Amino acid sequence: MRETDWRKGANSGIGRATAAQLALRGARVILACRNKQRGEAAAQAIRKETENDAVIFMHLDLASQKSIRSFAETFLKTEPRLDLLVNNAGLATTGRNEDGLGMILAVNHIGPFLLTNLLLERLKECAPSRVINVSSLVHHVGTIDFDCINTHKTLNLGSSDYDVFWDYSSSKLCNVLFTHELAKRLEGTNVTCYSVYPGSVKTELNRDINEWFTCILKFIIGTFLVTDAVSGAQTTLYCALQENIEHLSGKYFSDSQVMQVKPEARDDGIAKKLIFVHRKTFTGTAKLHGKTVIVTGGNTGIGKATAAQLAIRGARVILACRSKQRGEEAAREIRMETGSDAVFFMQLDLSSQKSIRSFAETFLKAEPRLDLLINNAALAAPGRTEDGLGMILGVNHIGPFLLTNLLLERLKECAPSRVINVSSCGHDLGTIDFDCINTHKKLTLGSSDADLFRAYTHSKLCNVLFTHELAKRLEGTNVTCYSLHPG
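Heads up, the sequence shown stops at 629 in the working numbering, and the numbers go up one at a time, no gaps.
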């Protein structure tokens, strides 16, 4: 066995015991720890104990997003495999990290969350693979205060021993929720994930907490005490090694069996919102507070995902969609997931020039700003619009062309501003038949699947050409435009 297992916080306690057991089974084990001296000493000791030379220390400080990104970059460059990721490290202390986050929130949850996402593609490439998030029984008393997280970047404002305890328990609830949601997002990838309670073991977590806090923990979880770190590692090892538990992905384990979690810990709405809220801490430096964005086709797929990310950054987002029901539902979901109340639906049917003009008129009357216009909506369907245009030509190109021109003066007034036209790599196959457009108001005459595909590629070529010419005409206005292939 030469699968690569990566253990965080693996230089002491349960983490070290787990790493040693995996090394005994032949795994290549990376000890990802903050303290270089102690990490290298632990790696050396495990190599000696297990006679496995493939136990290596790599520096990782979960309190620093810079360190996390550096670790991930180095790991992905030097290690071709990742079969098991065990997010084990945790602490219970006051203060804030270098990124301004509460220390417990940063180390116990945000750090593992970020790192897991940075390594997720490698886990998918090496599937079947697993992610294990070490939680705690005290997640049952944790709570998620989104107002506190959004405003103060911490789970609890106080600094007393009592507050530290609630911070710690809430961070462990975050881990259970993250595992629950991650399992859903990984369905079909052959990557599974589990949260575990290893039992109460006297490890070096105790160096962060005083006698009073220790007494609280013993009072709450005293009946679940185990005697040593090796015993405490057993549930983690079970989730790492046991066959045929893939159908239990997302579940919470204790004593090597599935256990119930508090209702809040399996709430889909809370889990989704937690992920969106936390992504605000590391999805880029651009802030969009005070900016207004239009996303056409923003009720589903790439458009909806784009709108959500812009909402996370503080933008006022207008979902411009044809279906009122689906548009309002998408706006409501994004508001719930991101914690932003500035996400709205406005009806726009790009197959109708009347609808486009009505949308533009309503928008310009109601909204004083437009900083970003994303022409995302598209289709590949037969038929004609109410204006007699081929449906693909009308929706994919003529509609965005008209909408952009109707809103151009507002974009200039709010400059610097941008226009983004979502195209496709399929534009490489497109051609422009002006005779067909002029005579038949379509990009192709046929209605077969092959004809629809050709019409679609032609429309995406139109998007690229429009962007190219628009950029020239907007020189000196501080309005820029871009076409893109989203993948």
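Where a beta carbon is used, it is the ideal one built from N, C-alpha and C, also for glycine. Bear in mind that the values here come from a model prediction, so they are computed numbers and not experimental data.
Proximity of residue i and residue j at Cβ, strictly below 8 Å
| i | j | result |
| --- | --- | --- |
| A187 | E240 | no |
| N230 | G330 | no |
| V435 | I516 | yes |
| C290 | L224 | no |
| I444 | M488 | no |
| L261 | L227 | yes |
| G125 | L430 | Here the chain comprises residues numbered 143 to 629, so residue 125 is not present and cannot be evaluated. |
| R242 | K208 | Checking the displayed sequence, the identity of residue 242 turns out to be Gly instead of Arg. No, they are not a contact pair. |
| A557 | T619 | yes |
| N538 | S497 | no |
| L297 | L247 | yes |
Host beta strand (DSSP E) of residue i (start-end)
| i | result |
| --- | --- |
| S500 | Premise fails: S500 lies in the alpha helix (DSSP H), 495–508, not in any beta strand (DSSP E). |
| V459 | 458–463 |
| N194 | Looking at the DSSP string, N194 is not in any beta strand (DSSP E), and its letter there is neither H nor E. |
| I516 | 514–517 |
| I540 | Note, I540: premise wrong, no beta strand (DSSP E); not H, not E. |
| Q467 | Counting along the chain, Q467 falls outside any beta strand (DSSP E), though it belongs to the alpha helix (DSSP H) covering 466–480. |
| I436 | 434–438 |
| Q207 | Per DSSP, Q207 belongs to no beta strand (DSSP E); it is in the alpha helix (DSSP H), 207–220. |
Residue i: CB within 7 Å of a non-hydrogen atom of the ligand ATP
| i | result |
| --- | --- |
| V283 | Ligands displayed in this structure: none; no statement on the ligand ATP is therefore possible. |
According to DSSP, residues forming a beta bridge with residue i
| i | result |
| --- | --- |
| Q186 | Bridge partners of Q186: none, in fact. |
| N177 | Answer by DSSP bridge pairing: none, since N177 is not bridged. |
| H282 | BP columns for H282 are empty, so no partner. |
| G532 | R526 |
| H201 | C175 |
| N275 | N229, S337 |
| V485 | V459 |
| Y394 | S337 |
| R408 | In DSSP, R408 forms no bridge with anything. |
| G244 | R238 |
Sequence-distant residues of the same chain with beta carbon closer than 7 Å to residue i, five excluded per side
| i | result |
| --- | --- |
| S589 | P524 |
| L626 | I562, V564, S565 |
| G411 | M478 |
| N332 | A269, P270 |
| E509 | T434 |
| D409 | none |
| F288 | K415, V419, G481 |
| R189 | D195, V197 |
| L319 | A407, I412, A413, L416 |
| V372 | A159 |
Boundaries of the alpha helix (DSSP H) in which residue i is found, first to last residue
| i | result |
| --- | --- |
| I579 | 576–582 |
| A592 | 591–615 |
| V249 | Taken as a continuous stretch (DSSP letters only), V249 belongs to no alpha helix (DSSP H), as it is neither H nor E. |
| I454 | 443–454 |
| I562 | Careful: I562 lies outside any alpha helix (DSSP H), inside the beta strand (DSSP E) at 559–564. |
| C623 | Taken as a continuous stretch (DSSP letters only), C623 belongs to no alpha helix (DSSP H), being part of the beta strand (DSSP E) at 621–626. |
| M129 | Shown here, the chain extends from 143 to 629; a query on residue 129 therefore has no answer. |
| T296 | No alpha helix (DSSP H) contains T296, which DSSP labels as neither H nor E. |
| V573 | The amino acid at residue 573 is misidentified as Val; the sequence shows Thr. Element bounds for T573: n/a, residue is neither H nor E. |
| G168 | Looking at the DSSP string, G168 is not in any alpha helix (DSSP H), and its letter there is neither H nor E. |
| T258 | 253–267 |
| C316 | 303–327 |
| C381 | 376–383 |
Close Cβ partners of residue i (< 6 Å) along its chain, the five nearest in sequence each way excluded
| i | result |
| --- | --- |
| V171 | D147, A161, L164, A165, V197 |
| G536 | S493, T527 |
| T427 | With a pLDDT of 48 at T427, under the threshold of 50, the predicted position of this residue should be treated as unreliable, though the coordinate-derived value follows. Cβ neighbours of T427 beyond the five flanking positions: none. |
| R615 | none |
| P254 | N229 |
Own chain partners of residue i with C-beta closer than 8 Å, once the 5 adjacent residues on each side are dropped
| i | result |
| --- | --- |
| A522 | I534, L594, F595, A597, Y598 |
| A375 | I156, A159, T160, Q163, P340 |
| T442 | R468, A472 |
| H582 | G532 |
| L607 | I574 |
Selection from the options that minimises the alpha carbon distance to residue i
| i | options | result |
| --- | --- | --- |
| E215 | S493, E263, L226 | E263 |
| T236 | D513, S373, V306 | V306 |
| T437 | Q399, I387, N605, L545 | According to the sequence shown, residue 437 is Val rather than Thr. Comparing Cα positions, the closest option is L545. |
| E221 | N332, L256, F199 | F199 |
| S465 | A185, A519, L587, D529 | A519 |
| C335 | S301, N194, N292, L383 | L383 |
| L328 | L297, R272, Y380, L256 | R272 |
| E617 | S559, L603, T586 | S559 |
| R552 | D591, M245, A502, K393 | A502 |
| S311 | T296, K414, H282, S301 | H282 |
| S631 | V338, L297, D303, L218 | Within the shown structure, residues of the chain are numbered from 143 to 629, placing residue 631 beyond reach of any answer. |
| G232 | L202, L218, N547 | L202 |
| F628 | G181, T448, Y394 | In the sequence as displayed, the identity of residue 628 is Pro instead of Phe. When each option's Cα is compared against that of P628, the closest is T448. |
| I574 | E555, L548, N605, V403 | N605 |
| S313 | G284, G300, T321, L324 | G284 |
| G142 | K584, L603, F217 | An answer regarding residue 142 cannot be provided, because it is not within the stretch 143 to 629 covered by the chain. |
| T293 | K446, L548, G244, A484 | G244 |
| A453 | L514, N250, A174 | L514 |
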